[in-house]
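Structure first, commentary second.
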Amino acid sequence: MLLLIVSNGRVALENFIKYGILISPLQWINALSEDPWTWPNLVMLFFSNITCILVFFTEKILAKKWIGEKLALVWYITLISAHLTFPVLVTLWLKGNPLFASLSLAIIVIEALKLVSYIHKWIGEKLALVWYITLISAHLTLPVLVTLWLKGNPLFASLSLAIIVIEALKLVSYIHVNYWCRGSLKSGDKPKNFLYPSNLTLSNFYYFMFAPTLCYELKFPRTPGRRPKFILKRAAEFICFGILGVALCEQWVVPLVKNSMGTLKDMDIFLCIERVFKLAVPNHIIWLLFFYTIFHSSLNLMAEILRFADREFYRDFWNAETIQYFWQTWNIPVHRWCVRHVYKPLIRNGYSRLTGSLAVFLISAIFHEYLVSVPLHLFRLWAFWAMLAQIPLS
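Counting in the UniProt record's numbering, the sequence shown runs without a single skipped number right up to 394 at its last residue.
Here it is as structure tokens:
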């Protein structure tokens, strides 16, 4: 521990001596206020809410048996496809800030996955697999096309795409679970205190869309009340650590990247490796900082406000001895979604565990590439192949 502090402290001190203080909060404000790409990302998020409302009312119609299964399937495929495609088009068109674009698209994807979970119980397992793959693909495509077309600020584009991803995941879960419920009603094998279709209310639907989970449940565990001190502490952490992370990027990472451009152009292998090692230290620190900000501060803050009782957002991934254990513990909401809506349905339909794992890694690789390539307008498939390359290790 002492060695880590001394070595990393020396690198931080070297950065300060060489570059001075580069942090400029005024530039952050200017980027938010002057860049017109700020608003298209908000429009994308408002548009995604239309998809959520349409899914909710479709479920109400299905519960009353006003339309058939096949018609609902075609409608859902079209709806989720548009949900994922429109934000992509906006992001590609405006070419905005990659960070905000990625975040926006991530939220869109999470919404789509949540909706699939919400309605998954309405369709057969094999048909559901084809359906939500098509659904998520279309849900993610439109934001990509828009992002590449508009060429907006990459930061805001990342934010928008992140929201798109979150919405997609939630919509998948919402659709999937409601299918299971209707299947129980048809078979007559329903448990006591069965809540379906009384769960089909706007309050229930939007509670799920804002809840810090990707997997829909008919009834979520709730805490008896809210703790004001806990809320203030988590909010302060979220704001302070978020600002600190951005400041470290501006002070530490940006000058290193700028100074590395000549080395990369000259393709001096040893100097390139030296620059990668030099960037690894601040990159790792910033990654851990943002992990704590998102998975501990922000998710616990949202859970406390909504009185959401399940607070297991991560486990002891820092003790991981294998790649498999790391991926199972560092992001519990996504891991649970993959197991519930991808891995287990494949196993139940006779596919091997290897096929299930490959499907999970493939979907994860697509999402990582989605959030990296689109905001930056760099289609090199680096994130995609980096994820797939871990399959043998797991």
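All residues carry an ideal CB built from backbone N, CA and C; glycine is no exception.
Around the C-beta of Cys181, 16 or more other C-beta atoms lie within 10 Å, and the residue is accordingly described as buried. In the structure shown, Arg182 adopts helical secondary structure according to DSSP, grouped into three states.
For Val246, the closest C-alpha among the options Trp287, Arg226 and Thr223 is that of Trp287.
Leaving aside the five residues that flank Arg222 on each side, the residues in its chain whose CB is nearer than 8 Å to its CB run, in chain order, Arg307, Phe308 and Ala309. Going by beta carbons, Val172 and His335 fall outside the 8 Å limit.
When beta bridges are read from the DSSP output, Phe308 appears opposite Arg222.
A contact between stretches requires three or more CB pairs, one per stretch, nearer than 8 Å, and the segment 78-87 meets this requirement with the segment 47-67. In this structure, the beta-carbon distance from Pro392 to Pro154 does not fall below 8 Å.
Taking Leu73 as reference, the option from Tyr351, Val55, Ser198 and Pro224 with the minimal CA-CA separation is Val55.
For Tyr343, the three-state secondary structure derived from DSSP is helix.
In the three-state reduction of the DSSP assignment, His377 falls in the coil class. One thing to note: Gly356 has its Cβ no nearer than 8 Å to the Cβ of Ile366. Contact between Ala162 and Ala106 holds: CB atoms are separated by about 2 Å, below the 8 Å threshold.
A straight-line Cα-Cα distance of about 15 Å links Ala386 and Phe326. Contact check between the segment 198-211 and the segment 318-325: fewer than three CB pairs, one atom from each, fall below 8 Å, which does not count as touching. Following the DSSP letters along the chain, one finds Cys272 inside the alpha helix (DSSP H) bounded by residues Ile269 to Phe291. Sixteen is the threshold: when 16 or more other Cβ atoms of the shown chains lie within 10 Å of the Cβ of Ala112, as they do, the residue is buried.
Cα atoms of Asp266 and Arg275: separation of roughly 13 Å, rounded to the nearest angstrom. In the DSSP secondary-structure assignment, Ser158 is not bridged to any residue. Scanning its chain for C-beta atoms nearer than 8 Å, with the 5 sequence neighbours on each side dropped, one finds around Tyr206 the residues Cys52, in chain order. Taking a 10 Å sphere around the C-beta of Pro228, we find fewer than 16 other C-beta atoms and assign the residue as exposed.
In this structure Ala389 is exposed. Its beta-carbon is surrounded by fewer than 16 other beta-carbon atoms within 10 angstroms. In this structure, Ile243 lies away from Glu304, with their beta-carbon atoms at least 8 Å apart.
Distance from the CA of Leu271 to the CA of Thr293, rounded to the nearest whole angstrom, comes to 33 Å. Per the coordinates, the alpha-carbon of Leu289 lies some 10 Å from the alpha-carbon of His296.
Per DSSP, the unbroken alpha helix (DSSP H) holding Phe205 starts and ends at Leu202 to Phe210.
Boundaries for Gly350: no alpha helix (DSSP H) harbours it, and the DSSP string shows neither H nor E there. Taking every protein chain shown into account, the CB of Thr78 has fewer than 16 other CB atoms within 10 angstroms, so this residue is exposed. A distance below 7 Å between beta-carbons, with the five flanking residues on each side excluded, links Trp330 to the following residues of its chain, in chain order: Tyr314 and Phe317. The three-state reading of DSSP puts Arg227 in coil, since its state is none of H, G, I, E or B. Taking 8 Å as the cut-off, the beta carbon of Arg226 is found no closer than this to the beta carbon of Leu301. Cβ-Cβ separation between Lys170 and Lys114: approximately 1 Å, consistent with a contact (criterion under 8 Å). Under the DSSP assignment, Pro333 falls in the alpha helix (DSSP H) whose first and last residues are Ile332 to Cys338. Linking Ser364 to Leu279 through their CA atoms gives a straight-line distance of about 25 Å.
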